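Written out below as C-alpha cells is the structure these notes cover.
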Amino acid sequence: MFIPLYDTNRLRHIRLQYVTIGLIVVNALVYLATALGGENFSNATVLGLGFIPSVVHDTAELDPRFVVIPESLSYLTYSFLHADIFHLGGNMLFLWVFGDNVEDALGHIRYLIFYLLCAIAGAAFQGLVAWDSQVPLIGASGAIAGVVVAYLILYPRVKVWVLAFARIPLRIPAFIPLILWVLFQVVMFAAGGEDQISWACHIGGIIAGAVLVLVLRSRGVPLFAGADEDVAPTAPNQPPVATEPLIPEPPAATPRWGRGNASSSD
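Mapping to UniProt numbering: the sequence shown position 138 is 138, numbers consecutive.
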C-alpha cells in the first residue's frame, strides 16, 4: 500500500542512530551468511534458530541435529532471519526510515531493549494464536511493527515521503500511512490472511510497541509531536536598542521671595 522512503524528522537528542544502523548490519550479515551457506544450511538455520511454537511449548520435539540453542532463545533469534532479499529489504527499509527517531526519543540502550522486547512479544503472540504450529517463524516484522507504532505515537504530524501503491510519490503526514498500515495488519489478522505471513506476530509487536514507548521514552520527549517546521517559531532574543538619553525638562519658575521682589497686591 505505502512504501516509506524518507522523513523530515531530524535527530534531537543523539548524534547518530548507531543502534538502528547496527541492527540493520546484523540482519544483513546474518542473511548473507545463510544465503551463502546454501539451501541445506539455510534450512538448518531456520529450524535451529527460528521460533517454532510446538517445540517451545513442548508439544513437538526438534530433531537433535538442529538443536543449536536453548528453545527459549528462539523468541529472539528468529527475528534476525529472513526468507529472501525482499523480506529483508522491506523490514530494513522500515527500520531505516522510522527507527532513528524512535532511538532518538528513547535513547540508545532503552531503544535496543524496546526493539528486542517487541520481537519477543511478536513471537509470544504468534505462539498463543498457533500453539501447536510446527512452522518456523522468522523475520524482524514483530520488532519493526513495534517501531512503526512507536513512531506513530511520537511523531504523527511529521511529513514523510512514501510511494503510494509502489508508484506514486507523496509527501504526507506520517499518521496517514502508518494508521492505514496498522489497520491493515489488524484486518488481515482478523480475516486470517495469507498463511506465509504471521499477522499475529505483527499484532504482538504493535501492542508491545504502543505500551513500551510510553514507558521507555526519555524524560521530556512529548507525544504526538510534529517536525521542526511545524513548530511555531519563537522570537529570538533581541539586543537592547540604544536610545538617546532623555533631557530632563527644567523645573517651572518659582517666585523668589526676598528683598526687592515684593509681590503686588490690590
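Using N, Cα and C, we set each Cβ at its ideal position, and we do this for glycine too. Please read all numbers here as calculations on a predicted model, not as lab measurements.
Query                                                                                                                       : Result
Coil, strand or helix - Trp161 by DSSP                                                                                      : strand
Coil, strand or helix - Asp104 by DSSP                                                                                      : helix
Touch test, the stretch 140-158 against the stretch 203-216, Cβ-Cβ under 8 Å, three pairs minimum                           : yes
CB-CB length for Ile3 against Ala166, believed under 8 Å                                                                    : 6 Å
Whether Ser218 touches Gly107 by CB criterion (8 Å)                                                                         : yes
Strand pairing of Tyr6, partner residues [DSSP]                                                                             : Trp161
Beta-carbon contacts of Gln17 that lie in its chain and below 6 Å, excluding the five residues immediately before and after : Asp100 and Glu103
Rounded C-alpha distance that separates Phe41 from Phe51                                                                    : 17 Å
Buried/exposed call for Leu11, threshold 16 Cβ in 10 Å                                                                      : exposed
Continuous beta strand (DSSP E) stretch holding Leu170: start and end                                                       : Ile168 to Pro173
Rounded separation between Pro84 and Arg157 - CA only                                                                       : First, the amino acid is wrong: residue 84 is Asp here, not Pro. When rounded, the distance between both Cα atoms is 33 Å.
Ile138 vs His82 beta-carbon contact at 8 Å                                                                                  : yes
Given Cys118 as reference, the closest of Tyr75, Val182, Ala28 and Val187 once Cα atoms are compared                        : Tyr75
Boundaries of the alpha helix (DSSP H) in which residue 272 is found, first to last residue                                 : Absent from the model: residue 272. The displayed extent of the chain is 1 to 266, so no value can be given.
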